[in-house]
Amino acid sequence: MASASNRRLSSGSAPWDHIFPQCWEQSYPACGGRAQSPVNIATSGPFQATGNLDLFAASTYTSVSGKSVRNTGHGLQVDAVAGDLGSILVEEKKYNVLQFHMHCPSEHTVDGKLLACEMHVVHQKVGATGLNDLLVVGILYESDTSYAENAFLARLGLPSGAPGNGAAAVSIAGSVDLASEYQTVMKSGFYRYDGSLTTPPCTESVSWFVVAGKLQMSQAQVAAFRAMKGSEANNRPVQLLNGRAIFKNTLPGCYVESSKRRLSSGAAWGYVLPQCWALNYPACAGQKQSPIDIDTNAISISIGTMDPSLLKLSHASATGLQYKNTGHGLQVDYTAGGVTYNGALYKTLQFHFHWRSEHTIDGKNYPAEMHVVHQKDGSTGTNDLLVIGVMYEIGAESAFISKLGLPSDGKPFNVSGALTLDDELLPAMANGVYMYSGSLTTPPCSETVTWVVLAKAHTASQAQIDAAKGIYPEPNNNRPTQPLYGRKIGKNMFPGTSTGGSTSGSTSGSTSGSTSGSTSGSATPIVKNEDVSSAFSSRGILARVTALAGLSLAVR
Ligand SMILES: [Zn+2]
Ligand SMILES: [Zn+2]
């Protein structure tokens, strides 16, 4: 403490240590601020808002070899070079990884308890300078006598091989891939709050994401880290929250961000905050939204095989096709033939892929889902659509997907030879289809879609899935499943179809207490399913969006 007085205001480079962190403020005034980190996380809340955002889905970390680990004198650190470790996309802003480093014990406490160690993956918004616009993902490690050595930390030199204080950097065997190391734990949820660097200069420019799940490491690894001079206990004590909000599995930004853009139709959208789409695209808050979970135990009406007079495929062979990246998915414009549905021709417009399925079947999410989009002959805009959804699971290589090739560098890929969609679709039709009335799964979310989801999944190889995801600019372009709001699902038959004129009475059920009156429900027969989007009031929308996003902010 005494020695700090002769260092005061020698900004930026004054020495500091973890023995008297309470003295940092004398040389680094920001360390006395009111939005400092770390803090204690109370897992029981209260939280300003709770959501279901998948933090890992927002990341695109990349595998890099030839990295080394160095000792900063305050612990071990691995540096990125020009964003080579990848990035995370939050509120449509990209943050590149700058470096990651470790603290033992942890800095954040959970319910008042320190954990063995905490990794900080430090990101910075692209274009920001200095210490501005940082985003840190904190990952906690626990340790016990029975815990095995953590393989990633072993490659960073724990318990043996790490550079000591003042020693030269040590190269890391193999590659560094934050995605493979942290995918599982990042999917466990997170706590989000605004804070600071936990070391001088304590700049209050950090969006903190403390991951809820914990990884394990051996006690020998903890001991080895703590035996290194300079980082015996390189954790700053927890700081006061001073009224700051903590968000669980959601961001504070949805309401704030969208209020600036509300009703600017055609506004940009992405998959980081799909719960915010409705602020710009009100239909996305409707009650006939897609995708949904298909609960095969709750099919309202089922027949053994599809009646070809209801749905008949007649896709024709097409040549000269291009497989292109639309920015939200990989798509082929394909206009050869279509389907006959309920006596009317629906022409094919295009088909595209979601890398991770949008629909789930009995709660199961598949690695990919293809959507073949059709529109009733003569209809315009987004009216009268019929979409066939096909699930892909990992297995044998898909000859169909392999024929498509892969667009690279943003350039469309020319598909060689002829392609016939029915070669892919028809064999699987024999296993039946699920049908229901829903929406586009992307803005503007128009509720004009007759959905036909094939019951049987096709297969694609892991390499095919990985290759497609690898070039995709947004992680996981799948909208989360939406509530049914009393809608019915039929198998090989459209729900609400009157077989003898008596089944339709039950379809509207409880009408789910909405503001939309009684227009939807049973009034969406086989013939048409348009005009639903006019059924909800603009008053109801914001309330529903607020509920969707879990944002109490919006009500204040
Ligand atoms: Zn740190
Ligand atoms: Zn789609």
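Each residue of the sequence shown is one higher than the last, beginning at 1 in UniProt numbering. Ideal placement from N, C-alpha and C gives every residue a C-beta, glycine not left out.
Please return the same chain residues whose Cβ sits closer than 6 angstroms to the Cβ of residue i, not counting the five positions on each side in sequence.
i	result
Ile303	Asn492, Met493
Gly513	Annotation note: pLDDT 31 at Gly513 (below 50); position unreliable, coordinate value reported separately. Same-chain partners within the cutoff: there are none.
Ser205	Leu131, Asn132, Leu134
Ala220	Pro159
His371	His352, Val387, Gly389
Who are the near neighbours of residue i in its chain, counting only those whose CB is closer than 7 angstroms to its CB and skipping five residues on each side?
i	result
Ser175	Ser63, Val64, Ser65
Val256	Any reading at Val256 needs caution, since the residue's pLDDT is 38, under 50, leaving its predicted position unreliable; the model's value is listed next. No residues qualify anywhere along the chain.
His74	Thr199, Gly230, Ser231, Asn234
Asp340	At residue 340 the sequence reads Thr, which differs from the Asp that was named. The residues are Lys312, Ser314.
Ser300	Lys488, Ile489, Gly490, Pro495
Val373	Leu349, Gln350, Phe351, Leu385, Val387
Ser379	none
Trp24	Trp16, Cys31, Pro200, Cys202
Arg226	Cys104, Glu232, Ala233
Gln99	Gln77, Val78, Asp79, Ala80, Val122
Relative to the alpha-carbon of residue i, which residue among the options has its alpha-carbon at the smallest distance?
i	options	result
Asn165	Asn71, Ala463, Ala336, Ala49	Asn71
Asp54	Thr184, Leu197, Asp362, Tyr341	Thr184
Cys445	Ala220, Gly490, Pro291, Val390	Pro291
Ala318	Lys288, Ile299, Gln350, Gln22	Gln350
Ala460	Glu204, Phe247, Tyr366, Ile388	Tyr366
Thr145	Ile465, Gln216, Ala82, Gly130	Gln216
Leu440	Gln322, Val433, Val452, Arg236	Val452
Cys284	Thr448, Gly83, Thr60, Met102	Thr448
Asn52	Tyr271, Thr305, Ala399, Thr380	Tyr271
Thr305	Val126, Ala455, Ile19	Ala455
Pro443	Glu393, Gln289, Ala35, Ser68	Gln289
Ala154	Glu393, Ser218, Val433	Ser218
Gly91	Ala212, Thr250, Leu98	According to the sequence displayed, residue 91 carries Glu and not Gly. Comparing Cα positions, the closest option is Thr250.
Pro252	Val69, Trp269, Trp208, Asn242	Trp208
Gly329	His354, Tyr346, Gly417	His354
Ser437	Lys364, Leu484, Ala212	Leu484
Tyr182	Gln482, Ala467, Val222, Leu85	Leu85
Lys67	Ala457, Ile19, Leu156, Asp362	Leu156
Gly45	Met102, Gly112, Gln99	Gly112
Ile401	Glu142, Thr420, Gly337	Thr420
Asp307	Ala336, Val433, Asp362, Lys364	Val433
Quick one: Cα of residue i to Cα of residue j, how far?
i	j	result
Pro29	Arg192	25 angstroms
Phe413	Pro38	48 angstroms
Gln124	Ile139	17 angstroms
Ser87	Asn478	19 angstroms
Ala162	Ser180	22 angstroms
Met391	Glu369	4 angstroms
Gly130	Lys94	16 angstroms
Gly320	Gly405	13 angstroms
Ile246	Asp333	45 angstroms
Pro525	Gly286	Confidence at Pro525 is low in this model, with a pLDDT of 31, below 50, so its placement is unreliable and the value that follows should be read with caution. Roughly 18 angstroms separates the two Cα atoms.
Gln464	Pro15	52 angstroms
Gly343	Asn297	30 angstroms
Ala224	Val78	17 angstroms
Met435	Leu310	11 angstroms
Gln48	Leu178	29 angstroms
Asp17	Ala169	21 angstroms
Gly395	Ala457	10 angstroms
Gly189	Gly213	7 angstroms
Ala428	Lys248	41 angstroms
Relative to ligand 4, is the shortest distance from any of its heavy atoms to the C-beta of residue i smaller than 7 angstroms?
i	result
Thr441	With respect to ligand 4, the structure shown offers nothing to examine, as its ligands consist of ligand 1 and ligand 2.
For residue i, is the classification buried or exposed, using 16 other Cβ atoms within 10 angstroms of its Cβ as the cut-off for buried?
i	result
Asn150	buried
Gln462	exposed
Asn132	exposed
Lys376	buried
Pro21	buried
Val121	buried
Glu424	buried
Asn431	exposed
Thr450	buried
Asn242	exposed
Ile294	buried
Ser13	exposed
Thr136	Rather than Thr, the amino acid found at residue 136 in this sequence is Val. Buried, since its Cβ has 16 or more Cβ neighbours within 10 Å.
Ile19	exposed
Ser171	exposed
Would you say residue i reaches chain C, if we count a Cβ-Cβ gap shorter than 8 angstroms as a contact?
i	result
His374	In the displayed structure, chain C is absent; only one protein chain is listed.
Using a Cβ-Cβ cutoff of less than 8 angstroms, which residues in the same chain neighbour residue i once the five nearest sequence positions on both sides are dropped?
i	result
Arg244	Ala35, Val39, Tyr193, Asp194, Gly195
Thr326	His352
Exercise for the section: Answer yes if the stretch 273-280 comes into contact with the stretch 103-122, meaning at least three C-beta pairs across the two stretches below 8 angstroms, and no otherwise. Expected result: no
Handout entry: Three-pair Cβ contact test at 8 angstroms for the stretch 90-107 versus the stretch 232-251
Key = The stretch 90-107 is in contact with the stretch 232-251.
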